[in-house]
Structures are given as C-alpha cells and as structure tokens.
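Notes follow once the structure below has been shown.
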Amino acid sequence: MKVVILKDAAEVAKYGADIFIKQIKRKPDSVLGLATGSTPVALYKELISAYQSGRVSFKNVSSFNLDEYLGLTGTHPQSYRYFMSQQLFDHIDIEKSQTAVPPGDAEDPFSACEQYEHNIKQKGGIDIQLLGIGRNGHIGFNEPSSSLMSRTRVKTLTRATIDDNARFFGPDEYQPHLSITMGIGTILESKKVVLLATGANKAEAIKATVEGPLTAACPASALQMHEHVVLVIDEAAASQLADVDFYKHIEMENQKLLERLGRD
Ligand code: PGA
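Read in order, the letters of the sequence shown correspond to residues 5 to 268 in the working numbering.
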C-alpha cells in the first residue's frame, strides 16, 4: 500500500484532488467512484476550483457513488444524492445523467443492487475510487464483519455509524438504519483506490488498515489486496502507525524517481 502522510487536512485534500485531476486529464471519460462524508468535502472544493480556473473539465466524466441511505429519496437533504449535488455536481460541468448514486427509494432494493453492479460493468468498471474510512474501519457502508468478496447490497448500519452520522439529522428527523452500498469486492475491482483520512479519531482504523491483519473486522484492511491503492492521510491520522518514517521515506524515494523519469 502506498501511504502518503501530509501535514494537515488541507494538504490531504489538495494531494487527493491532484490525483483525480491527473486521472481525468489522462482519460477525459474516466469513470469515477465517489464518496460522501465530511472528509471528501475539501477535496471536492479543490476539484470545483480546478474546474472554475479551467484546469479540468468533467464534461465526459461519469461517476458512481459508493452508497446511499435506504428509505431516503434523492431530494431529501440527508440523502447522499443531495449531498453530492450540493458539494460537487451542481458546481462542475459533469452531465447529471452520468452521475449514479444507489437509489435509496428503490421499490425493489435487491434488484436495484444487481442493476447497480450491472451499470458499473457496462461502463467498463471504475477507473478510480475515492474512499473515506469510518472509525470502525468501514469503507462505504461495509461495516465490520462484511464479506471481503461482497457486492452491492443492502446493509444494516452499526450503532457506531448511526451515532457518528446522527449529527447530520435533526432531533425529530428519521435516520435510516439501512443502506445500499457497493461491496468490498466491488470496491476492489476499481482500477485505482484513493482513501483519505484526517484527524486523530481515524488513527486506530488507519493502523488496522495498514499494519493489521487482513480481516473482515476491519473492512478497509481488504485494500491490502489491491494493486493500486494510495492512502492520503494527515499526521494525526498517521499517529498510531509504527512505521511512519519508512512510509515517508518510500514517498520521498518515489518522488525522486518520478522526477528523474520526468513523470508525474
Ligand atoms: P467522515 O466519514 O469522512 O465523515 O469521517 C467517513 C466514512 O464514514 O466513510
């Protein structure tokens, strides 16, 4: 796994956004895998300003989001479809019809999951998948104990995730306990994965992801099996890693090599 340790959340957002911008420049019709949560917001801001300054266009890009609450329509302010419109889609030139979020209001959620998998395949698969990570190591809504081979499906949220996300819901507002999420197997099929983590409350999950065993107890540890994964994290999220100096050394050597070869 490539582990890039940066000073703070602002640097993480910039570094992460640059990876996406380079990807879109290389392949203007890239298929992006996108994520919600508070961590990606700063990265989306970077993408919006890159678009506004003419550095990148999303005209031919398409996207698939990781997950959605089951029981919320896309117009509900807490739905992930709504979040994506507010935080990214409404501010860039992506074709809205080319953006997919699992349908939280599907009449038949089980067949909607199969259809979602089918649609990803039809597009030729996801070129680059953005991920956050839960304090419990979840990716998407793949909570601990999720099958490492799982596909898009209905998942029940853990109490920890429900509590973490309660801050977004009003005291009398209905907070769903079910979701539709891409599976870990789905995520592992993305050609590249970029996981962002900032803050000390993610340090334990990052330690388990990078230096722990491959285990369903920490769903993100499945990324150890992925060929092209980069974790972009700040010092606080890296604070429990045993080998920080080694990861920094690797990154420095990589940069030197790329410079020598004239690549980015
Ligand atoms: P956060 O959520 O970015 O709001 O911390 C990450 C996640 O649960 O995947």
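For glycine and all other residues, C-beta sits at the position ideal for the given N, C-alpha and C.
Values in this document were obtained by computation on a predicted structure and should not be read as measured data.
- Query: Nearest to Tyr-73 by alpha carbon, out of Asp-12, Phe-87, Ser-101?
  - Reply: Residue 73 sits at position 69 when you count from the first residue of the sequence shown. Closest option to Tyr-73, Cα to Cα, is Phe-87.
- Name the residue from Val-236, Gln-82, Lys-31, Thr-219 whose alpha carbon lies nearest to the alpha carbon of Asn-64. Indexing the sequence shown from 1 puts residue 64 at position 60. Among Val-236, Gln-82, Lys-31, Thr-219, the Cα nearest to that of Asn-64 belongs to Lys-31.
- Quick one, which of Ala-204, Ser-34, Ser-151 has its alpha-carbon nearest Gln-102's? Position 98 of the sequence shown holds residue 102. That would be Ser-34, whose Cα lies nearest to the Cα of Gln-102.
- Query: CB-CB under 7 Å to Gly-41, same chain, minus the five flanking residues each way: which ones, in chain order?
  - Reply: Within the sequence shown, the letter at position 37 stands for residue 41. Answer for Gly-41: Gly-136, listed in chain order.
- Task: May I ask whether a heavy atom of the ligand SAH can be found less than 7 Å away from the beta carbon of Ile-137?
- Result: The ligand SAH is not part of the structure shown, which contains the ligand PGA as its ligands.
- Message: Check whether the stretch 198-210 and the stretch 92-101 are in contact - that is, three or more C-beta pairs closer than 8 Å.
- Response: no
- Message: For the ligand PGA, is there any heavy atom lying closer than 7 Å to the beta carbon of Ser-42?
- Response: What you label residue 42 is simply residue 38 of the sequence shown in a count that begins at 1. Result yes, Cβ under 7 Å from the ligand PGA.
- Item | beta strand (DSSP E) segment containing Leu-245, residue limits | Counting from one through the sequence shown, the residue named residue 245 turns up at place 241. Here Leu-245 belongs to no beta strand (DSSP E), and DSSP marks it neither H nor E.
- Exposed unless 16 or more other CB atoms sit within 10 angstroms - verdict on Glu-1: Since the first and last residues shown for the chain are 5 and 268, residue 1 lies out of range.
- Query: Taking just the CA atoms, how far does Ser-53 sit from Ala-241?
  - Reply: Numbered from 1 along the sequence shown, position 237 holds the residue referred to as residue 241. Numbered from 1 along the sequence shown, position 49 holds the residue referred to as residue 53. Each residue's alpha carbon lies about 26 Å from the other.
- From Leu-76 to Gly-37, what does the alpha carbon distance come to, in whole angstroms? The residue you call residue 76 lines up with position 72 of the sequence shown. The residue you call residue 37 lines up with position 33 of the sequence shown. Roughly 21 Å separates the two Cα atoms.
- Range covered by the alpha helix (DSSP H) that runs through Asp-308: In this structure the chain extends from 5 to 268, so residue 308 is not present and cannot be described.
- Task: Can you have a look at Thr-79 and say buried or exposed, based on whether 16 or more other CB atoms are within 10 angstroms of its CB?
- Result: Translated into the one-based positions of the sequence shown, residue 79 becomes position 75. The residue is exposed, with fewer than 16 neighbouring Cβ atoms inside 10 Å.
- Could you check the C-alpha separation between Ala-224 and Glu-177 for me, to the nearest Å? Your numbering for residue 224 matches position 220 in the sequence shown. Your numbering for residue 177 matches position 173 in the sequence shown. Cα to Cα, the separation comes out at about 30 Å.
- Taking 7 Å as the line, does the beta carbon of His-142 fall inside it for any heavy atom of the ligand PGA? Along the sequence shown, read from residue 1 onward, the residue named residue 142 stands at position 138. Checking every heavy atom of the ligand PGA against the Cβ of His-142, one is found closer than 7 Å.
- Query: Apart from the five residues just before and just after Ala-226, which ones in its own chain have a Cβ nearer than 6 Å to its Cβ?
  - Reply: Residue 226 sits at position 222 when you count from the first residue of the sequence shown. Cβ within range, chain order: Leu-152, Ile-188.
- Report all residues from its chain with a CB closer than 6 Å to the CB of Lys-159; omit the five preceding and five following residues, and keep chain order. Mapped onto the sequence shown, residue 159 falls at position 155. Phe-145, Ser-183, Thr-185.
- Considering only the beta carbon of each residue, do Asp-112 and Gln-27 sit closer than 8 Å? Here residue 112 is taken as the residue at index 108 of the sequence shown, counted from 1. Here residue 27 is taken as the residue at index 23 of the sequence shown, counted from 1. Cβ distance not < 8 Å, so Asp-112 and Gln-27 don't count as in contact.
- Report all residues from its chain with a CB closer than 6 Å to the CB of Asp-238; omit the five preceding and five following residues, and keep chain order. One-based indexing of the sequence shown puts residue 238 at position 234. Excluding residues within five positions, the ones whose Cβ falls inside 6 Å are Leu-10, Asp-12, Ala-13, Val-16, Thr-202.
- Message: Between Asp-71 and Pro-44, how many whole angstroms is the CB-CB distance? I'm expecting something under 8 Å.
- Response: For the purposes of this step, residue 71 is taken as the residue at position 67 of the sequence shown. For the purposes of this step, residue 44 is taken as the residue at position 40 of the sequence shown. Actually they do not touch by this definition, with Cβ atoms about 13 Å apart.
- By Cβ distance below 6 Å, which residues in the same chain neighbour Thr-219 in space, the five residues on each side in sequence not counted? In the sequence shown, residue 219 corresponds to position 215, counting from 1. Within the same chain, Thr-219 has close Cβ partners Ser-225.
- Ranges of the beta strand (DSSP E) found wholly within the stretch 48-119, counting only runs of at least 3: 66-69, 71-73
- List the whole-angstrom C-beta distance separating Thr-156 from Asn-140, where the pair is believed to meet the contact cut-off of C-beta under 8 Å. Your numbering for residue 156 matches position 152 in the sequence shown. Your numbering for residue 140 matches position 136 in the sequence shown. About 20 Å; that fails the 8 Å criterion.
- Task: For Ala-110, collect the residues of the same chain with a Cβ closer than 6 Å to its Cβ; drop the 5 residues on either side in sequence, then sort them by chain order.
- Result: Taking the sequence shown and counting its residues from 1, one reaches residue 110 at position 106. Closer than 6 Å at Cβ, skipping near neighbours: Ala-116.
- Excluding the five sequence neighbours on either side, which residues of its own chain have a C-beta within less than 7 Å of the C-beta of Ser-154, listed in chain order? Locating residue 154 in the sequence shown gives position 150, counting from the first residue. Correct list, in chain order: Asn-146, Gly-187, Ile-188, Gly-189.
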